[in-house]
Amino acid sequence: MMTIRESTRIVLPEGLSEYALDAQQDVELVLEGTGRSDVYLRVLDARKAVIRCSVAAGAQVSFLIWNACGQDVTFDEDYTVAKDGILRIAYGEVNDAGMKRRSFVHLKESGAYGLLSSASLVSAEKSYELTVNNEAPHTTGILQNYAVVLEGGQFVMDATGKIEKGSHGAESHQTSRALCFDEKQNSKILPKLLIDENDVQASHATTLGRVDEEQMYYMQARGLTVRQCTSLISAGYLLPVTRFIENEALKEALREELEKKMEEL
Amino acid sequence: MKTLEIKNLHVSVEGKEILRGIDLTIRENEVHALMGPNGNGKSTLLSAVMGHPKYTVTEGEILYDGQDLLKMSVDERSRAGLFLAMQYPQEIPGVTNSDFLRAAMNVRRESPVPLFRFIKEMESTIEELQMKPDLAHRFLNEGFSGGEKKRNEIVQMKMLKPSLSMLDEIDSGLDVDALKIVADAVNKMHEETGMSLIVVSHYDRFYQLVVPQFAHILVNGVIVTEGGTELIDRINSEGYDWIYKEFGIKPEAEEEVKRPVISLGSCAVNRGNAAK
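Chains as they are written, first to last, in this note's numbering: chain A, 11 to 275; chain B, 325 to 600.
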């Protein structure tokens, strides 16, 4: 594992690579994906993290970006995907600190594929502004966001799928779901589809709701404490995000981290 | 000797009094039938004993094994040995039967149940209830048929080994074969562990399979009469009209307290609560 403490430029190696971002300052990462790369980025400390990443023609890059910061952090991310390139990103946001993220994926050339997914366990303020922009024909953009909002949590998911004029044959799909345990919580999901082309496929699905009291009662009636019920239901809600990760090692890493967090609940 | 003692219990739901002074004592190893027309408080009584938050106890006491149940949370009551097989078991998407049961077993133990032993026990219980072997890996009750849900309640009962089980219309939704399987499983556990039972059923058939020693008839929120199996036989052949006459009760045309959830499949049932 490589530790990143200051702004840096990395040509992503083939296969799995692990990075720990541990900087007590603003930092900019410039990443180039040219082949098949699987990247596990653990954010241990940062103030503002800027990520600029390009995925070359035909390249396949997957990220698991896990936030383990003890304090609030801001992410500003831009990705570009060239012809027939594939970009997959999974965000793991289950720490207790605040987070603000702007993430923009440009599907620049035909055949480009971009997937943004997130699993969030929200007990602070977590705010996402995610955009996948189809800028060429036959590009595919996907957004998959799942959140469990606990007491004291505030969740904002502003998710946009945009298909620009001339991007015929493009696809844009998104799902955003949030489950809230606290009745006083204040969460928002803003799903947007902006379509400026006729020959496209697009869809979105959104749910934002409270945990059913009858479900909690049922589980408690078998001896589980409120805490244990919360943990089991949250795990059931968030673990499916692992299915959006192709690489087995990254998939397993996310599963382990999520399970560990749920056990601590 | 674990005894459930219900004394002068009054219970309200949303401000409306449903139970108006219930006295009932269930000792170890006893099997009690709780009967009465719909909407007269049978489910309310069981739910109040379990501690459902919707049911407010306004007067009276419930003691189990000397402990004041009314001071205990739902999960504490469960861990004290109570089990309620529910009339409408909830579907919990995302939580597998095995994860759920293992967690529920572990909260009753000093150290976690070894995985291998858990799997063996789960397998044999699933087999005993003649359910599909993939039950363990399916989400809790999600997409289960009515009969599967009821049998799954008994799977849970067998695994959690309560000292007192309340079966709320466990026989509804079961076909004749399944009824027999469930009754056998209940009887076996009753014989092996001395578990006491409160059984709510509308059908004599189930009372022929799980035979109560005591019967209590609940009308308008009070127990109007009590007896043994002869009482069950009489209600089976004559209905409740003679009770109304004999005890001078005017049946209230009450609404059902608990409305059944009509199963339209998990999507429809879960609509609005975003549990999926």
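We put the CB at the ideal spot given by N, CA and C, even for glycine.
The structure displayed is predicted, hence computed values, not measured ones.
Rounded to the nearest angstrom, how far is the Cβ of residue i from that of residue j, given a contact under 8 Å?
{"i": "Leu4 of chain A", "j": "Val166 of chain A", "result": "As displayed, chain A neither begins before 11 nor continues past 275, which places residue 4 of chain A out of reach and without an answer."}
{"i": "Leu370 of chain B", "j": "Asp495 of chain B", "result": "So it is not a contact: roughly 15 Å between Cβ atoms."}
{"i": "Leu601 of chain B", "j": "Val524 of chain B", "result": "Missing from the structure shown is residue 601 of chain B; chain B here goes from 325 to 600 and no further."}
{"i": "Met396 of chain B", "j": "Ala404 of chain B", "result": "7 Å"}
{"i": "Arg191 of chain A", "j": "Glu161 of chain A", "result": "For the record, residue 191 of chain A in the displayed sequence is Phe; it is not Arg. Contact flag correct, Cβ pair sits at about 7 Å."}
{"i": "Phe538 of chain B", "j": "Leu503 of chain B", "result": "Rounded, the Cβ-Cβ distance is 22 Å, inconsistent with contact."}
{"i": "Gly108 of chain A", "j": "Glu135 of chain A", "result": "4 Å"}
{"i": "Ser127 of chain A", "j": "Ile99 of chain A", "result": "7 Å"}
Hey, how far is the Cα of residue i from the Cα of residue j?
{"i": "Leu97 of chain A", "j": "Ser186 of chain A", "result": "19 Å"}
{"i": "His526 of chain B", "j": "Glu329 of chain B", "result": "24 Å"}
{"i": "Gly623 of chain B", "j": "Leu498 of chain B", "result": "As shown, chain B starts at 325 and ends at 600. That puts residue 623 of chain B outside it, with no answer to give."}
{"i": "Arg475 of chain B", "j": "Asn544 of chain B", "result": "30 Å"}
{"i": "Lys331 of chain B", "j": "Glu554 of chain B", "result": "25 Å"}
{"i": "Glu579 of chain B", "j": "Gly363 of chain B", "result": "Reliability of the predicted coordinates at Glu579 of chain B is poor, the pLDDT of 48 falling under 50, and the value obtained from them is presented with this limitation in mind. Cα-Cα distance, rounded: 6 Å."}
{"i": "Gly95 of chain A", "j": "Gln480 of chain B", "result": "50 Å"}
{"i": "Tyr391 of chain B", "j": "Val534 of chain B", "result": "Residue 391 of chain B is actually Gln in this sequence, not Tyr. Approximately 28 Å, taken between the alpha carbons."}
{"i": "Gly467 of chain B", "j": "Thr549 of chain B", "result": "40 Å"}
{"i": "Gly304 of chain B", "j": "Val419 of chain B", "result": "Any property of residue 304 of chain B remains undetermined from this structure, which presents chain B solely from 325 to 600."}
{"i": "Thr44 of chain A", "j": "Ala92 of chain A", "result": "10 Å"}
{"i": "Asp557 of chain B", "j": "Asp528 of chain B", "result": "8 Å"}
{"i": "Val21 of chain A", "j": "Leu41 of chain A", "result": "6 Å"}
{"i": "Val337 of chain B", "j": "Ser489 of chain B", "result": "23 Å"}
{"i": "Glu267 of chain A", "j": "Tyr156 of chain A", "result": "16 Å"}
{"i": "Arg62 of chain A", "j": "Asn208 of chain A", "result": "31 Å"}
{"i": "Glu451 of chain B", "j": "Asp458 of chain B", "result": "11 Å"}
{"i": "Thr368 of chain B", "j": "Met226 of chain A", "result": "18 Å"}
{"i": "Val53 of chain A", "j": "Ala30 of chain A", "result": "6 Å"}
{"i": "Glu262 of chain A", "j": "Ser244 of chain A", "result": "18 Å"}
{"i": "Thr149 of chain A", "j": "Leu439 of chain B", "result": "46 Å"}
Is residue i close to chain C, meaning its C-beta is less than 8 Å from at least one C-beta of that chain?
{"i": "Thr235 of chain A", "result": "Included in the structure are the protein chains A and B, with no chain C among them."}
What three-state label does DSSP hand residue i in the structure shown?
{"i": "Phe571 of chain B", "result": "coil"}
{"i": "Val543 of chain B", "result": "strand"}
{"i": "Arg62 of chain A", "result": "strand"}
{"i": "Cys79 of chain A", "result": "coil"}
{"i": "Val251 of chain A", "result": "helix"}
{"i": "Val534 of chain B", "result": "coil"}
{"i": "Gln480 of chain B", "result": "helix"}
{"i": "Val104 of chain A", "result": "coil"}
{"i": "Glu256 of chain A", "result": "coil"}
{"i": "Glu368 of chain B", "result": "Looking at the sequence provided, one finds Thr at residue 368 of chain B rather than Glu. Three-state DSSP puts Thr368 of chain B in a helix."}
{"i": "Gly470 of chain B", "result": "helix"}
{"i": "Val398 of chain B", "result": "helix"}
{"i": "Gly418 of chain B", "result": "strand"}
Could you pull out every residue in the same chain whose Cβ sits closer than 7 Å to the Cβ of residue i, ignoring the five residues on either side in sequence?
{"i": "Leu203 of chain A", "result": "Gly171, Ser182, Ala212 and His214"}
{"i": "Arg401 of chain B", "result": "Met374, Gly375 and Leu393"}
{"i": "Arg15 of chain A", "result": "Asp32 and Ala33"}
Among the residues of its own chain, which have a CB less than 6 Å from the CB of residue i, if the five just before and after it don't count?
{"i": "Asp389 of chain B", "result": "Lys326"}
{"i": "Val104 of chain A", "result": "Leu131 and Lys271"}
{"i": "Arg65 of chain A", "result": "The sequence shown places Val at residue 65 of chain A, rather than the Arg named in the question. Excluding residues within five positions, the ones whose Cβ falls inside 6 Å are Gly43, Val71, Val91, Gly95 and Leu97."}
{"i": "Leu464 of chain B", "result": "Ile416, Val419, Asn421 and Phe424"}
{"i": "Glu38 of chain A", "result": "Ser17 and Val60"}
{"i": "Leu342 of chain A", "result": "What is shown of chain A runs 11 to 275, which leaves residue 342 of chain A out entirely."}
{"i": "Glu28 of chain A", "result": "Met11 and Tyr50"}
{"i": "Asp276 of chain A", "result": "Chain A is shown from 11 up to 275; residue 276 of chain A falls before or after that span and cannot be answered."}
Using a Cβ-Cβ cut-off of 8 Å (strictly less than) and excluding sequence neighbours within five positions of residue i, which residues of its own chain qualify?
{"i": "Thr216 of chain A", "result": "Thr185, Ser186, Arg187, Ile199 and Pro201"}
Cβ pair count under 8 Å reaching 3, the segment 136-155 of chain A against the segment 100-116 of chain A: Contact annotation: the segment 136-155 of chain A touches the segment 100-116 of chain A, with at least three C-beta pairs closer than 8 Å.
Three CB pairs or more closer than 8 Å across the segment 423-431 of chain B and the segment 368-388 of chain B: No, the segment 423-431 of chain B does not touch the segment 368-388 of chain B.
Segment contact flag, the segment 192-203 of chain A with the segment 222-239 of chain A, C-beta cutoff 8 Å, min 3 pairs: The segment 192-203 of chain A vs the segment 222-239 of chain A: no contact.
Touching by the beta-carbon criterion (3+ pairs, under 8 Å), the segment 535-550 of chain B and the segment 334-350 of chain B: Yes, they touch.
Inter-stretch contact at 8 Å, needing at least 3 Cβ pairs: the segment 385-395 of chain B / the segment 411-424 of chain B: With the cut-off at 8 Å, the segment 385-395 of chain B and the segment 411-424 of chain B do not touch.
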